Each structure stands twice: as structure tokens, then as C-alpha cells.
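Just so you know, the sequences run in chain order A and B. Letter 420 of the first sequence, counting from 1, is numbered 420 in this note's numbering, and no numbers are missing. Letter 111 of the second sequence, counting from 1, is numbered 824 in this note's numbering, and no numbers are missing. Data block below; observations after.
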Amino acid sequence: MTSLLNKVINALEQIVLEVTDTNTGTVQWVEGDGEWANDLFPQASNQQPFVINEATPFLQDFLFDAKLIWQAAENGKLRSGLWTETTHNNKALYLEAIAIKQEQHNLLIISNQREHFEFQQQTKQLAREVLLSYDRLFLKNEYLHTRLLSILKQPPEQSNILKTLTKVIENAEFAVLIASNDFNTNIENSAALKLFDQETLLSTQPSRPIEIILRLMQNQLPEYERILSTHSSWDGELCWISPPSTLKWLKVGFYPVKNKLNEVENWIIFANDISTIKHLVQRNEQLALQDMLTELPNRFAFLQTLEKQIIAKRPFYLLYIDINEFRRHNEFYGHDEGDKLLIELSKRMSAVVKASDFIARVGGDEFAIVLNNIDNQADGKVAIQRIIDSISKPFYAKNSASFNISISIGAANYPNDAQSVDELMKFVDLSAYNGKKNKKNSLQFYSQKMKDASHHLILVEQELRQAIKNDEFELYLQPIIDIKTNCINKAEALIRWNHPIKGLINPDDFIPVAEKSGLIIAIGEWVISRSCQIAKKISDLGFEIKISMNLSPSQVTDENLFSYLHSCINDNQVNPCLLELEVTEGVLVDDYSVAEKLLSNARTIGMSVSVDDFGTGYSSLSYLKKLPLDFLKIDRSFIKEIVTDDNDKAIVRAVIAMAHTLNLCVTAEGVETNEQLSFLIDNSCNSVQGFMFSRPIAVDFFIALLHEQKAAE
Amino acid sequence: MIQKKICLLGASSVGKTSLVKQFVEGIFSEKYLTTIGVKIDKKVLSIANEQIQLMLWDLEGNDSYNVFQERYLRGAAGYIIVVDQTRASSFHEGVDIHTLARQVTDCPALLTINKSDLPATWNIDDSENKAYQNLFDLQFSTSAKTGANVEEMFLALAKLILRSEKDDIAT
């Protein structure tokens, strides 16, 4: 080795050791020198071979992996990673070892990595401090949010809400505001007043904190109107610039407090000054326009690009991509895994968009893509399909578990759909929001029809809210006949809406809206209360008839449902044996543990449980065995062709046999003909329901029917 | 003298280095200084007239900047999963690391919920506690700051390591 190379090695603070015996870890010092190296290997002297021993345990351990490289036939290289070695004279060395196999030479390079170590420590220190700060903020917000919701949802007579709220929020370390639904009255804590303290001229009136936040949201968030009109939660960052000297970054949480009618009664708003964190993050971001996590352009870079695109007047499609159920994913796998998912997703999407397209991370789990030079939906769909395909392959968590995700994509075209940044963003946000309602991948192009549908939905929702207040609903009863006795022994309660102008409306036309808007909880409670009244009334007339009521998926997951049910039973003094809950298969599968708890409770007090529309959904046999059930209701679609279709015959026979084995009774729905009835009787079906016996009828007619039946006995 | 390798594992910023520092040097620093790579400290304990040298492998915490590397567990006689009682996410991360560690070693594993001097922001409820207790051989609540339970924890793990070693020989 030339002395020049030796100088280079010394300058790089490395030493080269040749491994003379890979089994014992014996090495010969070949090149390089320095005080640090002598401190590290005091046993090495006079060019004599020495053994790497337990005095340097990390290095000794690394020899196990290094051996594989040295004993291999081919050239190779392996790095140990950084470690800190405390020498015999108490000096800390920051080192890395590299095992090299090169043309029959087994070499071990020890590299003093002080500079690299310090750089890594600085960078990671900063990054981890940011992670910790976000974690703390998140925790504090979550805690206070839950606490405030529980206070605000208490009945007013139970507590002095205002006093309690003031006390609770005053102790918060960040700004907390609780506003009325119109934002006119609100309470705020000292931290809020301090955060929004303004250096104003004497002549100008300082704005209230709530006014400042709303103004910032309105100016900086294209989705602002949608958040207010759909009563959605939002959290994200806002930048507050108030000349001459205020520039604050705020992390804002904006949450509605809704009543049973899904009306907003209050808004809870949190604001944290994250200027310092932001400053730390920005130090690591390229010109503050790059997202640190995914290394994609961030929201501000994206909005700038969008402006430029519009100025250039080139046609493009704007996509807004939102990960479905991301929050649930984070809760399940943890935030680190959530971050990993975002990184992986951004890589996959980046790989399938063209170089001329533009992709950015614009929010927590939101991405935006500009597809350039596309002016028709067909071409747009091809590009979007590539994105969907890229995310359809499984993702892997750290423990190697695989999982899939789905996304909602909203798409709008420039210049056909909108011609400004604000409008475009508003449209794609609305499109993605509309597509988000199912849990599958969805693509929603912006259209006038969608806008109209959205308006229609809002209208029906408003009318439904009125209907609940004005008591415009009515329960109809459809008789269920016991095959053995040929008598009515049960009735399914079916809701109807007596609309003041449109007349009688079937549930199919309003229950989906009620589900989407959350009004189903209030409507469901009305059904429970009315069913109890009816069961009691019929029972008082001397008829032992069970009333079966349908539960929607949202009701099953409503944690207050059972206590409500229980209180209705008590208030009406009705025997619980006269009540039945009907749930669909989907609910049982999707929310198994919640459903199991509710149904077990119901059965404990004497109610029965039936599974509605059996056969149309998952038809998972495992839940039939595990869940507390009494009846299966075979869906009408199997009964319709039962006389002519051999497949339907086989299915119905199998379902009845299986149910009986599991000690469940079977009700056939949609029975309309004698032939159908005969088949069901022949195959030991327990009860039947359908137009052959009676349509759903008003309660008075149902009672009259019972009297007729009694008279005929 | 017997030497035993013990690895300290966990999410970043849970206090692994502080626990080692408290145990080895009896000091605590309020300043957070993130660990890079691996640092090994040693401490000799005397258990039942026997000298045992613990080689404490303090590993860089795991997060999006540093993934867990099973190879550091090679030759470990035991490991400690450190979690932070002010951050629930550190517990989930700790359980994940434990699952990965269990794929390469069945040596004694200890869970410690550190920072007991600070108010807890999460708790393991009774049913969870049962489930997690079975996952670990020992469980401690420690404070690297006050030193509460730190010595006891390392001592208990060392005793367990010696005992299981003797059991192995006996069987």
C-alpha cells in the first residue's frame, strides 16, 4: 500500500484489518492508524495478529454475520451499522465495521464515524422531537374532545353545563372554544385569548378567536362549506398571518356536537400553536414545499401548481384521493404503521402516474393528482384504473400481516367542470366524499347530477327531521302465520311515512337517507317505542302476538340501544317475550362482537331474535352457531321461484334442515301462492309471511284481523 | 465470571438509555438525546454469592426512521421491552417488537412501563392485563428519573435468567 493511500485511509479515519482466522476472529492490522484506533484495540501491537474479543462485544457479535461473507465463494460486503464503543480509557467512539471479501482476501474495515453519527443524531433527534410533539398534541386533543362531548351530551337539567365546561376548558394548555351552532355565542378559555391576542391599532376592533378561525378556514380550505353543510369534523393546519408581525401555524380541530336529530348544537374547536414544530419540520423540508413523510410535494406546493396549470389553460383532470377507514387502520396498527402505509401508497401511486403528471400529499390521508393533457372521462378512467390497480395489491405490516386498503377518488375536469382552484378543489372534495360511503374503491366524477343528488339528499334529510318532530311516521303490521296452528302468532312492524304533501312513503325511499344522515337512530327509537305500545295494546286485548322490529346496522352499534329498549319495555309494562329483534346478516358479520352483546342482552330479558333476509348476504354459518338466535327468515327471492326452480328448492330445503339442526325456527318471506305454501309445509318450515295472507296493514286493521281469526276458531 | 447479554428494546423516546444510565451510573438527565445504533454498557451484580456481568445492549428505538433488527438479539440471555406510560402508542409498538423478537428467541422477556413518575395517559385494563401478563415473564413499572424499581427490575431479570439456565441444565 502506498503511503498516499495510507494517508487517505487515515484521513477517512479508517483502519484495515485482514482476517487471518475467521473462526477465532484473529486479525492482522494492515493499514491505517490513529489514536482512536489504538484506544479501540490496545491489545494490538507490533504488527502482531490479535483476537477480537469480548472487550468489543458489538464487534465480536458482528463477526458471526461477517463470517458468512468471508466464507462465501464470491466477493461481498456487509456493514454492521453504527455503534458506540466506550474504550478502556472511557472515551466514546462512534464506529461502523465493514466486512469485505475481495479476491480471496477477508478484510475488516473499522471506520470512525463521529461526523456521520452526529449528523444522524441531529436529524433523528429533530424528527423524533416532532413525532413526540405531535403525539402529545394528539393525546391531549383526544382526551379533551371525549370529555367535552360527554359533558355537552348530558341532559341540561343534570348539570350546570356552562360552569362545568368553563372549568374543564380553562385548565387546557391550548385554545379551546365551544360555539353555538351559528357561531354567535361561544365560550373560550384564557389560552384562546392569549393565542389570538392581536396587535391592533386603536381604531380597529380586535376579532374574536372564533371569527379568526372561521375566516382562516374559509380562506384556506376549499372544503369549508362542505364541512359546515355536512356537519363533518375536520382537523388540519392553518396559517394565521396578521400584519405587522403575526405569523402563526395553528393545528386546528373542528368537531360538531350533534343531537339525536343529527342537528349540530355546538361546535368544539381546538387550536394549538405549532409554529415551533412547523419551524422544525420546515427546516427539514425542501423550501417548505415538500411533505417530510412521503417526500411528495405538500398542499402548498400543490395549490401553487394548480394555479400555474390554470394560468397555462391546459386541460387536465384533478383527482382527490382519500384512504377509506384510515383512522381505523391507525387505531388498529398504530401510527407508525399508518405512516408506513402513507409512504408505501405514495410510492405506488407515483410509480403509475406519468412524468408529466403531478402528485402531492394534501392532507393527513389525502393525496391529489393532476393528470395532464386529458380532456375526456374515458382517458381519465384508464389513468385512474392504473392507480386503483397499484393499491389493490396487499400491503404488509411490520409483523408481516397483509392487509388491503380501499380509496375514494373524486375527479373533476378543467376547464369543463370548473375554472378556478377553489371550485375545482370543492368539486373533487365533494366527489370523493360522495364516493366514500361504501368501503370499496370508488371513483366519482364530478357531475351536475351528483350536485343535484347531494341537494336532494339534504332536502329529504330536512324533511325527515321535520317528520320526526311532527310525528309523521306510522307503523304497519304484516302478519306472520304459524304453519302448525294456521294462526297469526307474530307480526313484523314496518314503518311508513305519512308525508303531508307526498302522501304515504315506503321505507325504501327514506331509510337509506336516514342511515346516511344518522337520523336512523332517532327513527329507530321511535319504532322501538311504538312497537312496545302496540305489543302492549294487543296483549291487553287478550291476544298473545309477538311484534318483530327491524334494527338497522347503525342501531346495532349504538351503545345506548339496549338501555333505551329496556326503558321502553318498562315504561309500557310490556312482556319482553312479546317482542322480537330482526337484524340482517351483514350486521352480524360486520359487527359481530357488538351484535353478540346486544342480542345476548335482549334474549336474557326474554326477547327473541331473528335474522332477516337470510341467504342474500354473507350467509356465514359460523355466526349462526355462535350467536344467540331464534329464527331465520328466508329471503323472498328464494321463495319466488320455489315451485319451478330446482336450485331454489334445494337451497330452501337445506336452509330449513340446517336451521332445525341448530335449533332455529324458519320463517319464509314473500309467500304469495298455495303452491309455495305447500312446498314449505312439506319441508317443515315453521311460519310464513307474505301477500297471500296479508299485506302490511295499519294497526287497527291488524287488530280487526285478529278478532276475525278468533271468531272463526 | 458469567456474562449475560440483555437487550433493551422499544419505541423511540421511551427511556431505554435513561434506564441503563440510572442502573449503571445512578444518574438521570432531563435532556433527551436520541440513541443512534447500539451502545453497550456493563454492570456486575452479585446474586447468591455469584458474580454476574450484565452486558446491556441499548438499541436505538424503533419508529419510522429505524426498523427493528432481530439480529441484535443473537446470544441474548434476556430482553426488556420498554414502553412509556404517557404514550399508548409505545405500548402497541412494544408488543409488536416482542412478537418479532419471539420469532428468533425464547429467552426470558420482561415488560417495563417506564416514566412512572409522570401521570399515565393509558392503562392496561384487567382483561388486557391478563392477556399481556402471559406474554411476558416479568412485568415492572419503573421510573428512570427517580430510580424507582430500576435496580429491582434488572436484578429480577438476572435472577430469572440464572434460574432458567439452571432449570435447563437440570432438565
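Positions of the beta carbon are idealized from the N, C-alpha and C atoms, including for glycine. From a predicted model like this one, the values you see are computed outputs, not experimental measurements.
Original post:
Would the stretch 461-472 of chain A and the stretch 255-267 of chain A be scored as touching if the rule is three or more Cβ pairs under 8 Å?
Top reply: The count of Cβ pairs closer than 8 Å, one atom from the stretch 461-472 of chain A and one from the stretch 255-267 of chain A, reaches three, so the stretches are in contact.
Subject >> Residues sharing a beta bridge with S759 of chain B, DSSP >> reply: S759 of chain B is bridged by DSSP to B:Q764.
**OP:** Report the three-state DSSP secondary structure of D630 of chain A (helix, strand or coil).
**Re:** Coil.
**OP:** Please check the pair G728 of chain B and K879 of chain B, which I expect to be a contact at CB under 8 Å, by giving their CB distance rounded to whole angstroms.
**Re:** Taking a contact as a CB-CB distance under 8 Å, the pair G728 of chain B and K879 of chain B does not count as one, their CB atoms being some 31 Å apart.
**OP:** Apply the 10 Å Cβ neighbour rule to S203 of chain A and answer buried if 16 or more other Cβ atoms are within range, or exposed otherwise.
**Re:** Low confidence applies here, because S203 of chain A scores a pLDDT of 46, under 50, leaving its location unreliable; read the following figure in that light. With fewer than 16 other Cβ atoms within 10 Å, it is exposed.
Original post:
Going by DSSP, which residues form a beta bridge with C720 of chain B?
Top reply: C720 of chain B is bridged by DSSP to B:W770, B:Y792.
**OP:** Note down, in chain order, every chain B residue with its Cβ under 7 Å from the Cβ of P57 of chain A.
**Re:** The answer, in chain order, is I753, M768.
Original post:
Hey, out of A:A191, A:E170, A:F138, whose CA is closest to G253 of chain A's CA?
Top reply: Checked all of A:A191, A:E170, A:F138; the closest Cα to G253 of chain A is A:F138.
Original post:
Measuring CA to CA, which of A:V594, A:E103, A:S180 is closest to N75 of chain A?
Top reply: Taking only the C-alpha atoms, the option nearest N75 of chain A is A:E103.
**OP:** Label V817 of chain B either buried or exposed according to how many other C-beta atoms from any shown protein chain fall within 10 Å of its C-beta, with 16 as the threshold for buried.
**Re:** Looking at its Cβ environment, which holds fewer than 16 other Cβ atoms inside 10 Å, V817 of chain B is exposed.
Subject >> Identified DSSP bridge partners for C665 of chain A >> reply: The partner list for C665 of chain A (beta bridge, DSSP) reads A:F631.
Subject >> Residue range of the alpha helix (DSSP H) that includes V513 of chain A >> reply: Segment 511-517, the alpha helix (DSSP H) holding V513 of chain A.
**OP:** Would you check if there are 3 or more beta carbon pairs closer than 8 Å linking the stretch 633-641 of chain A to the stretch 660-671 of chain A?
**Re:** Counting C-beta pairs closer than 8 Å gives three or more between the stretch 633-641 of chain A and the stretch 660-671 of chain A, which meets the contact rule.
Original post:
Helix or strand or just coil, what does DSSP make of T86 of chain A?
Top reply: In the structure shown, the three-state DSSP call for T86 of chain A is strand.
**OP:** State whether the stretch 211-223 of chain A contacts the stretch 405-416 of chain A, with contact taken as three or more CB pairs (one from each stretch) at a distance under 8 Å.
**Re:** The stretch 211-223 of chain A vs the stretch 405-416 of chain A: no contact.
Original post:
Got a sec: which bits of the stretch 735-762 of chain B sit with their beta carbon under 9 Å from any beta carbon on chain A, in order along the chain?
Top reply: Interface annotation for the stretch 735-762 of chain B against chain A: Y745, L746, T747, T748, I749, G750, V751, K752, I753, D754, K755, criterion Cβ-Cβ distance under 9 Å.
**OP:** Would you mind telling me which residues of chain A sit closer than 8 Å to D809 of chain B, beta carbon to beta carbon, in chain order?
**Re:** Under the 8 Å cutoff, chain A gives G334, K398, N399.
**OP:** Return helix, strand or coil for K313 of chain A, following the three-state DSSP convention.
**Re:** In the displayed model, K313 of chain A falls within coil according to three-state DSSP, outside both helix and strand.
Subject >> Counted within 10 angstroms of its Cβ, other Cβ atoms place S80 of chain A as buried (16 or more) or exposed >> reply: S80 of chain A is buried by the Cβ-count criterion.
Subject >> As assigned by DSSP and simplified to three states, the class of M692 of chain A >> reply: Reduced to three states, the DSSP call for M692 of chain A is coil.
Subject >> Contact between the stretch 506-514 of chain A and the stretch 731-744 of chain B (3+ Cβ pairs under 8 Å) >> reply: Contact between the stretch 506-514 of chain A and the stretch 731-744 of chain B is absent, because fewer than three Cβ pairs lie under 8 Å.
Subject >> DSSP-derived helix/strand/coil call for Y300 of chain A >> reply: First, the amino acid is wrong: residue 300 of chain A is Phe here, not Tyr. Assignment of F300 of chain A by DSSP, reduced to helix, strand and coil, places it in the helix class.
Subject >> Through-space distance from K752 of chain B to L772 of chain B, alpha-carbon basis >> reply: Put simply, the backbone Cα of L772 of chain B is about 7 Å away from that of K752 of chain B.
Subject >> Assigned secondary structure, F487 of chain A (DSSP; H/G/I helix, E/B strand, else coil) >> reply: First, the residue type needs correcting, since residue 487 of chain A is Cys and not Phe in the sequence shown. The answer is strand: DSSP assigns C487 of chain A an E or B state.
Subject >> Under 7 Å (Cβ pairs) to chain D, residues found in the stretch 125-142 of chain A >> reply: Within the model displayed, chain D is absent; protein chains A and B are what it includes.
Original post:
Do V583 of chain A and D558 of chain A come within 9 Å of each other at the CB atom, strictly closer than that value?
Top reply: For the pair D558 of chain A and V583 of chain A, the CB atoms are not nearer than the 9 Å cut-off.
Original post:
Name the DSSP bridge partner or partners of Y778 of chain B?
Top reply: According to DSSP, Y778 of chain B bridges with nothing at all.
Subject >> Selection from A:V428, A:N441, A:D375 that minimises the alpha carbon distance to R386 of chain A >> reply: Of A:V428, A:N441, A:D375, the residue nearest in Cα terms is A:N441.
**OP:** State yes or no: is the beta carbon of L201 of chain A nearer than 9 Å to at least one beta carbon in chain B?
**Re:** Reliability fails at L201 of chain A, whose pLDDT of 48 lies under 50, so the model's placement of it is uncertain and the value that follows must be treated cautiously. Interface flag for L201 of chain A against chain B is unset, since no Cβ pair is found closer than 9 Å.
**OP:** Check the Cβ of Y778 of chain B against every Cβ in chain A and list those closer than 8 Å, keeping chain order.
**Re:** One finds K124, A127, R128 in chain A with Cβ atoms closer than 8 Å to the Cβ of Y778 of chain B, taken in chain order.
**OP:** Using a threshold of 9 Å, state whether the C-beta atoms of I371 of chain A and D357 of chain A are closer than that.
**Re:** The identity of residue 371 of chain A in the sequence shown is Leu, whereas the question assumes Ile. It is a contact, given that the beta carbons lie within the stated cut-off.
Original post:
Rounded to a whole number of angstroms, what is the C-alpha to C-alpha distance between L579 of chain A and A514 of chain A?
Top reply: As the crow flies, the alpha-carbon of L579 of chain A is around 24 Å from that of A514 of chain A.
Original post:
Do I810 of chain B and K124 of chain A have their CB atoms nearer than 9 Å?
Top reply: Between I810 of chain B and K124 of chain A, the C-beta spacing is not below 9 Å.
Subject >> Contact with chain B by Y720 of chain A, beta-carbon distance below 9 Å >> reply: Since the first residue shown for chain A is 1 and the last is 713, residue 720 of chain A is missing from the structure and cannot be characterised.
Subject >> Option nearest S548 of chain A by Cα separation, candidates A:N141, A:P500, A:N171, A:S531 >> reply: Taking each of A:N141, A:P500, A:N171, A:S531 in turn and checking the Cα distance to S548 of chain A, the smallest one comes out for A:S531.
**OP:** Assuming Q47 of chain A and G25 of chain A form a contact by the criterion Cβ under 8 Å, report the distance between their Cβ atoms to the nearest whole angstrom.
**Re:** Contact between Q47 of chain A and G25 of chain A fails: their C-beta atoms lie close to 18 Å from each other, not under 8 Å.
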